[in-house]
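Quick note on the numbering used here: the sequence shown kicks off at 81 and runs consecutively. All C-beta atoms, glycine included, are put in the ideal place defined by N, C-alpha and C. A quick write-up on the structure given underneath.
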Amino acid sequence: MSDRIHAADPGTETTRIAVRGLTKIFGEAHALPGALALAERGTSREEILAQTGCILGLRDVSFDVREGEVLVVMGLSGSGKSTTLRCINRLVEPSAGHVTVDGVEVNGLGEAELLAFRRRKFGMVFQQFALFPHRSILANVGYGLEVQGVGREERESRARAAIEQVGLAGYENARPAQLSGGMQQRAGLARALAVDADILLMDEAFSALDPLIRRDMQRQLVALQDRLHKTIVFVSHDLDEAIALGGRIVLMKDGAIVQGGTALDLLTAPADDYVARFVAHIDVLGVLTVASCMHPAAAIPAGATAGEALARLGVADEGFTVDSHGRPSGRVARERLAAAESGAPAGPLADPPGMVAAADTTLRTALPAVGGQGVTAVVDGDGRLAGALTQSAIIAALAARVRPDS
Ligand SMILES: Nc1ncnc2c1ncn2[C@@H]1O[C@H](COP(=O)(O)OP(=O)(O)O)[C@@H](O)[C@H]1O
Ligand SMILES: [Mg+2]
81 MSDRIHAADP GTETTRIAVR GLTKIFGEAH ALPGALALAE RGTSREEILA
131 QTGCILGLRD VSFDVREGEV LVVMGLSGSG KSTTLRCINR LVEPSAGHVT
181 VDGVEVNGLG EAELLAFRRR KFGMVFQQFA LFPHRSILAN VGYGLEVQGV
231 GREERESRAR AAIEQVGLAG YENARPAQLS GGMQQRAGLA RALAVDADIL
281 LMDEAFSALD PLIRRDMQRQ LVALQDRLHK TIVFVSHDLD EAIALGGRIV
331 LMKDGAIVQG GTALDLLTAP ADDYVARFVA HIDVLGVLTV ASCMHPAAAI
381 PAGATAGEAL ARLGVADEGF TVDSHGRPSG RVARERLAAA ESGAPAGPLA
431 DPPGMVAAAD TTLRTALPAV GGQGVTAVVD GDGRLAGALT QSAIIAALAA
481 RVRPDS
């Protein structure tokens, strides 16, 4: 299963975290070897429990986390997300398999090395804010540095900077109880940022927050990430959250990975029926890109005649004139071209191109532009004509994704 993820890797990005073949069995020590043998043979979770009394937490989990990405580990409750995350910094000891972080074999570290490694490499943010109630926000945020033995002055200055980053400036002296849930979680995030670890492990960090605040936090994290370029492993049971964070997704079920890829991959090429059902209620408009729905557009060079333009149009009703850089300069309808002298210049027959849509944006972003036009020019990153998007293509794409409830 995990091969799928690796196959999708272009291989050029730096791998920060390599998770390889992680299996975790929870249970009585004497029963573990038998349970592990069963797990390796593919025996079901239920059967392993029935035969050995052990719980299969993870089975053969492998994936990479690349430098600077937000990787979302997703799945229903009990699917093994937290166990996976905890194996990365070895809060949980895997029964088989291993994790490498920046080339360091985490499972080979001695106890003292492991503690130092954890503090240096990882910032953690949990669902429970875990702030000390009697400490100020400043002291809470500086806690990780205090543990590291950083002196008071430096500690406070770094804590203040982190507090500023998460938008809590002015609350340095407040107690946690004086802050809303969202603000407390921002303090939790600041505490992770203050230690300056560049890998953040976030376990359902926003799950306890009200939906609106939660969406706000997701946006803030994305904005923060744009500036800070941390490497983030974010555990969530919420597909919409995974989409909002915008990164690659590792979808887990019963302790194993069912599929890895972008939300678009999961939606357009689900590995199995489970994935298809999982994404059935996805916010399709927020996932499908303009590029995934567009079709080829007739590009009519600025100097073309009406006859040449018609030939370029093929069967299309409308085409786009382009400037010397290939950027849309106008739109021209078949009837206009057909009604004109074949040798007449096409340019003057064109109307302004109207709103254009960028190929890499989502349909949700593009809809306002597309809504009022029969055909919309799609442009690439350089503004060049890349295709055309029609209302009917959007409707067809949506219709293909609407699945009956099951
Ligand atoms: N310390 C533990 N002892 C026994 N079973 C555990 C322990 N931690 C997790 N599990 C079990 O392992 C499975 C995966 O748990 P977890 O990783 O916490 O799932 P998730 O975070 O996706 O909800 C669950 O069945 C859970 O009950
Ligand atoms: Mg969990």
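How many whole angstroms separate the CB atoms of residue i and residue j, which I take to be in contact at a CB cut-off of 8 Å?
i: I135; j: L281; result: Between L281 and I135 the Cβ distance is about 22 Å, and since that is not below 8 Å, they are no contact.
i: R464; j: G406; result: 4 Å
i: G203; j: A277; result: 4 Å
i: G399; j: V412; result: 6 Å
i: V221; j: A285; result: Wrong, their Cβ atoms sit about 15 Å apart, outside the cutoff.
i: A468; j: V458; result: 6 Å
i: A438; j: V364; result: That belief does not hold up - the Cβ atoms of A438 and V364 are roughly 18 Å apart, past 8 Å.
i: T164; j: V141; result: 6 Å
i: Q305; j: V205; result: At roughly 13 Å, the Cβ-Cβ gap does not stay under 8 Å, so Q305 and V205 are not in contact.
i: S404; j: A382; result: 7 Å
i: M435; j: T456; result: 7 Å
i: D320; j: Q207; result: No, D320 and Q207 are not in contact; Cβ-Cβ is about 17 Å, not under 8 Å.
i: R146; j: E191; result: Not confirmed; about 29 Å, so no contact.
i: Q245; j: F209; result: With 8 Å as the limit, Q245 and F209 do not qualify as a contact, their Cβ atoms being about 17 Å apart.
i: G148; j: T348; result: Their Cβ separation, rounded to whole angstroms, is 25 Å, which puts G148 and T348 out of contact at 8 Å.
Please identify the residue among the options whose C-alpha is closest to the C-alpha of residue i.
i: D510; options: G222, I323 and G335; result: Because the chain here runs from 81 to 486, residue 510 falls outside it and cannot be looked at.
i: L156; options: F400, D318, I362 and G177; result: D318
i: T103; options: F143, A426 and E93; result: F143
i: P408; options: T95, G114 and D431; result: D431
i: V367; options: S404, D440, L273 and F314; result: D440
i: G341; options: Q265, R328, E321 and D352; result: R328
i: V152; options: L308, A249 and V330; result: V330
i: G427; options: E415, A384, A449 and L469; result: A384
i: S124; options: G335, V364, L347 and A351; result: G335
i: A476; options: A420, K201, S372 and E388; result: S372
i: V275; options: A219, D283, S260 and L301; result: A219
i: F314; options: R307, L325, D320 and L308; result: L325
i: G387; options: D397, T401, A420 and L116; result: A420
i: M154; options: L429, V455, A343 and G434; result: A343
i: A288; options: R266, D352, Y223 and A117; result: R266
i: L447; options: P433, T470, E321 and L138; result: T470
i: L273; options: R146, E147 and Y223; result: Y223
i: G158; options: G148, A479, E147 and R139; result: R139
i: K201; options: Q339, I279 and E415; result: I279
i: S260; options: L301, L211 and L429; result: L211
i: R100; options: L417, I337 and Q453; result: I337
i: R414; options: P433, G423 and A391; result: A391
i: S216; options: E193, A249, Q228 and G231; result: A249
i: I33; options: R170, A109, L116 and S316; result: Residue 33 is absent from the structure shown; the chain starts at 81 and stops at 486.
i: S162; options: K333, I362 and V450; result: K333
i: S472; options: Q453, D462 and G461; result: Q453
Per the DSSP calculation, residue i is bridged to which residue(s)?
i: L136; result: I105
i: M374; result: According to DSSP, which records beta bridges pairwise, M374 is partnered with nothing at all.
i: K333; result: A336
i: H178; result: R100
i: F202; result: I279
i: S472; result: Its beta-bridge partners do not exist; DSSP assigns none.
i: F314; result: V152 and M282
i: A437; result: V458
i: G467; result: V458
i: R146; result: T95
i: D345; result: D345 is not bridged to any residue.
i: T442; result: T369
i: A430; result: Beta-bridge pairing links A430 to no other residue.
i: V184; result: V181
i: V227; result: The partner list for V227 (beta bridge, DSSP) is empty, contrary to what the question assumes.
i: A479; result: According to DSSP, A479 bridges with nothing at all.
i: A379; result: F400
i: V141; result: L102
Check the Cβ-Cβ distances between residue i and every residue of chain D, and say whether any is below 9 Å.
i: A242; result: Included in the structure is just one protein chain, with no chain D present.
| In the region 238-297, which residue ranges form an unbroken alpha helix (DSSP H) of at least 4 residues, counting only runs that do not cross its ends? | Every alpha helix (DSSP H) of 4 residues or more that sits fully in the region 238-297 is shown, in chain order, as 261-274.
| query | For the region 191-202 against the region 251-263, are there 3 or more C-beta pairs whose distance is under 8 Å? | reply | Because the criterion of three Cβ pairs below 8 Å is not met, the region 191-202 and the region 251-263 do not touch.
| message | Pairs of beta-carbons, one from the region 377-386 and one from the region 351-360, closer than 8 Å: are there three or more? | response | Verdict: no, contact absent.
| task | May I ask you to verify whether the region 288-297 touches the region 113-133, counting CB pairs closer than 8 Å and requiring at least 3? | result | Contact fails: fewer than three Cβ-Cβ distances are below 8 Å.
| field | Any beta strand (DSSP E) of 3 or more consecutive residues that is wholly inside the region 381-427 | value | Counting only unbroken stretches of 3 or more residues, the beta strand (DSSP E) elements lying wholly within the region 381-427 are 398-402 and 408-413, in sequence order.
| query | For the region 98-115 against the region 174-191, are there 3 or more C-beta pairs whose distance is under 8 Å? | reply | At 8 Å Cβ cutoff, the stretches touch.
| At a cut of 8 Å, does the region 181-194 reach the region 237-245 through at least three beta carbon pairs? | Output reads no: the region 237-245 does not touch the region 181-194.
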